[in-house]
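Quick note: to get my numbering, add 17 to the position in the sequence shown (first position is 1).
We put the CB at the ideal spot given by N, CA and C, even for glycine.
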Amino acid sequence: MPLRAPTAGPPLADWLRAPRPEAQPGIWRCGHEPRPPEEPDRIDGRQLLGGAALALILGLLTWSLFWNDYLPFLTRPLVWFTPDHWRTTGDRAAFSVAVRIYQFLIAALMTFAFGRAGRWAEVWRRYCAPLLKKAVTEDPSGRGSSGASAPSLAADDRAAWPEVRAAGEHGAADLLAAEALSGRMNDVDYARIDRAWQGVRAQPARLPDFAEEVRQRGATAYVHPSGTRDLPVRAAHHDLVTGQVRLGAAPDEKRNPYAYRGTAIALEPSLLSTSLLVVGPSGAGKTRKVVRPVVEALSLQALARRTAVVAVGASGAGLGPDDAYDVVIKIGDPDSVYDLDLYGGSTDPDEAAAVLAEALAGDEAEADPRRVATVIAQLIGPFRIAHGRFPSVPELRELADGVPVALASLREACEAAGPSAGAALRELDARERQATRPGDLGAVVADRLALLDRPAFAGFFDASGRTRPFSMRAIDHPLRVRVDLPERGHSEASRLLARLLLAQFCASALARKDQSRFVCLVLDDAAHTLTASSVREIQRLRSAHAGVVLGLRTLDDVPEQLRATVLAAVGCRVALSGLSTWDGEVFAQAWGRDWVETEDITHAPDFHGGLVTRWVRGIRTLFTGVRATAKSVTVRTVQRERWSASDLANDVPPGHAVLSLMTVRGERTPPILAKLGE
């Protein structure tokens, strides 16, 4: 299968015409053929073919013996049912006809008997019939079922836009069909215009505007604000009709559920809405085989105005080229065009303080984020009243550290603001009183802010409006955003910023008024990012049509008391090859147990039989030294882990992963072994 949907006319029509039957969660639907109902007593292929071949050989041997009169008992019925004179001086022609009929009956009887014994009917159904069907339905010209020279599309073709035609807009439907045939329309164009059409179906009054836009712009109608209609390069298989991205394929083996054996595995927004956790050591393919395809799929759907995606990773993490994004924030790079809004675009001091406190103190066991939020709110609230903006990092650090000059300057600015600054002055009074008490968290806030108040970040997190800050509130639009964190030399600052972005994303996603567009935050490295508060927010995202993708090298990067909670909070889990048994234990508990049949074999001394049998058995024991035993088999139904910690650590081949998926409706899949990248 090609890495991108074809952009030429007829191949695009073929892609749109491909069957996409309803399937269980996680199955790649484009061209999918559902497996026949499961047969518990299904015979293994080798056993079936071997038995059929043996039956055929025995049948031919029996027929040869019969033909050469080596089986006289089969010829006697012919003598019994024919007159004697036919075989002597009578009608030789009648006897010859009788012999032919009798031979035909014997051949039919042998064919039925040996065919039944060799299960030839099952061989035909399983192997021969599909090959014959494929040979009959395949286009001998090799150009596909549509034909490369087809001048038009059928009225019921998806590429003919039958719904638009049924609404009475024949001109718009004809134009879109012509764009599909001429090659001017690609898969992103189709998905984008189809989304606009779905909006028309919800609000029929918008139909004239839709038709006018199509007539004026054709395949470029409703183009993304960036003017981009495709990504510069694709590294995975995508189907924008269903919104799926293909991750790999499930091998046809007994450990996999029957419906998934031999099928391709894919992700889509209905699965990502329950959030995704990917755990695997370095080199296992976490970024290249899972995170990058997901980011790429979300970026394509953003171009189709369906999603907004924010991808966060270290510089050079491999999340795609710069020109595949609308906004690229390179924190610590002086050439970065965009900056990051420290307060997430909020104008409410309490809301901004709560989000910032989660980033600054979320990983501090001794610091309560709520108390830290109070400290920050007591400072940024008066500052906003006095200056009309929130403080920058150096300004907030001085205030949190209790620098007298900074506090006095802020007080003077508040007093100059007039009567409206009464509440601000009371907040400052409270902050000054609390700063003198033991255990005040102002010093903790200042110490954490010091991680961002470094020369490498000079010019970043500016709140004065001189830079172009990106705010998480912009995810209301179909944006593609990438944030490069300064991992080298600033690992603690990177983790702090990752927590800040996660907190800002959750707050903005939950506060959206229009939740028709799926939004997703991708953290390529979520180490030391998750906190008790952020895990609770992640659980709430699925009801807001939003999700997060979390990548971890090991679960040791999550606080021990949160590991089980994190796996319970996300609906989709991926355990890559090379996992440790300690990490595998958490996954094994999350996936639970299943009822399986086990066989217990017991060997006991064999004392049955008569005197001669026991005598022969004793002689054999004397010479071989092995005592004869009788074997007894006990079949029991017991509960066992679907994938044990040892299985995950030792039995997952390189390049494979064990994953489980869940939709927002609660549909779950059992753990599936898949080979990634296929």
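Please identify the residue among the options whose C-alpha is closest to the C-alpha of residue i.
i: P366; options: V345, L357, I402; result: I402
i: E504; options: G333, A425, G67, E444; result: G333
i: R570; options: T582, E554, G601; result: G601
i: R553; options: L413, T291, S353; result: T291
i: A378; options: A467, C145, V583; result: A467
i: T237; options: L192, V575, Q215; result: L192
i: A434; options: P399, G419, R454, L424; result: P399
i: H673; options: G335, R637, V591; result: V591
i: P274; options: A563, W660, G349, R133; result: W660
i: S481; options: S409, A197, N667, A370; result: S409
i: H507; options: L547, L496, R465; result: R465
i: R68; options: A134, L288, V311; result: Here the sequence assigns Gly to residue 68, which means Arg is not the residue at that position. Per the Cα distances, A134.
i: R512; options: D541, Q532, L496, P486; result: D541
i: T259; options: V217, D174, W45, P455; result: W45
Based on DSSP bridge pairs, tell me the residues matched to residue i.
i: G330; result: D501
i: S677; result: R590
i: R653; result: T615
i: Q261; result: D256
i: E658; result: R610
i: R246; result: Partner(s): none; R246 has no beta bridge.
i: T699; result: Residue 699 cannot be examined here, being either before or after the span of the chain that is shown, 18 to 695.
How many angstroms separate the CA atom of residue i from the CA atom of residue j?
i: T324; j: P338; result: 19 Å
i: K347; j: V565; result: 21 Å
i: P53; j: D493; result: 44 Å
i: E368; j: F522; result: 13 Å
i: G164; j: K151; result: Low local confidence applies: a pLDDT of 37 at G164 is under 50, so the model's placement there is unreliable, with the coordinate-based value given in what follows. In a straight line, the C-alpha of G164 is about 17 Å away from that of K151.
i: W612; j: P687; result: 13 Å
i: G265; j: R644; result: 52 Å
i: D457; j: H255; result: 53 Å
i: L29; j: V205; result: 11 Å
i: I282; j: G300; result: 21 Å
i: V770; j: A526; result: Given a span of 18 to 695 for the chain in the structure shown, any question on residue 770 remains unanswerable.
i: L224; j: Q233; result: 14 Å
i: F129; j: A111; result: 27 Å
i: L65; j: A125; result: 22 Å
i: G439; j: Q451; result: 19 Å
i: L317; j: D418; result: 46 Å
i: A390; j: R428; result: 20 Å
i: R160; j: D31; result: Bear in mind that the predicted position of R160 carries a pLDDT of just 41, short of 50, making it too unreliable to give a figure here.
i: R34; j: R580; result: 45 Å
i: G11; j: Q261; result: Absent from the model: residue 11. The displayed extent of the chain is 18 to 695, so no value can be given.
i: G188; j: L517; result: 50 Å
i: T641; j: R634; result: 11 Å
i: L293; j: A666; result: 20 Å
What residue does the beta strand (DSSP E) around residue i start on, and which one ends it?
i: G568; result: 563–569
i: A544; result: Taken as a continuous stretch (DSSP letters only), A544 belongs to no beta strand (DSSP E), as it is neither H nor E.
i: A213; result: Not the beta strand (DSSP E): A213 falls in the alpha helix (DSSP H), residues 204–219.
i: I397; result: Premise fails: I397 lies in the alpha helix (DSSP H), 386–404, not in any beta strand (DSSP E).
i: L690; result: 689–693
How far does the alpha helix (DSSP H) with residue i in it extend, from its first residue to its last?
i: D623; result: No alpha helix (DSSP H) contains D623, which DSSP labels as neither H nor E.
i: H254; result: Taken as a continuous stretch (DSSP letters only), H254 belongs to no alpha helix (DSSP H), being part of the beta strand (DSSP E) at 254–256.
i: V140; result: 137–140
i: H187; result: 187–199
i: L527; result: 508–528
i: G439; result: 439–452
i: V575; result: Looking at the DSSP string, V575 is not in any alpha helix (DSSP H), and its letter there is neither H nor E.
i: V307; result: No alpha helix (DSSP H) holds V307; DSSP gives it neither H nor E.
Could you have a look at residue i and say whether DSSP puts it in helix, strand or coil?
i: E39; result: coil
i: A434; result: coil
i: P486; result: strand
i: F478; result: coil
i: I348; result: coil
i: C47; result: coil
i: D356; result: strand
i: T291; result: coil
i: D156; result: Since pLDDT at D156 reaches only 48, below the 50 mark, its modelled position is unreliable, and the value read off the structure follows with that caveat. Reduced to three states, the DSSP call for D156 is coil.
i: S81; result: helix
i: A283; result: strand
i: F535; result: strand
i: V296; result: strand
i: A467; result: coil
i: R685; result: strand
i: A228; result: helix
Cβ of residue i within 7 Å of any heavy atom in the ligand GTP?
i: E616; result: Among the ligands in the structure shown, none appear at all, so the ligand GTP cannot be discussed.
Counting contacts by CB-CB distance shorter than 8 Å, is residue i in contact with chain B?
i: F535; result: The structure shown contains no chain B, having only a single protein chain.
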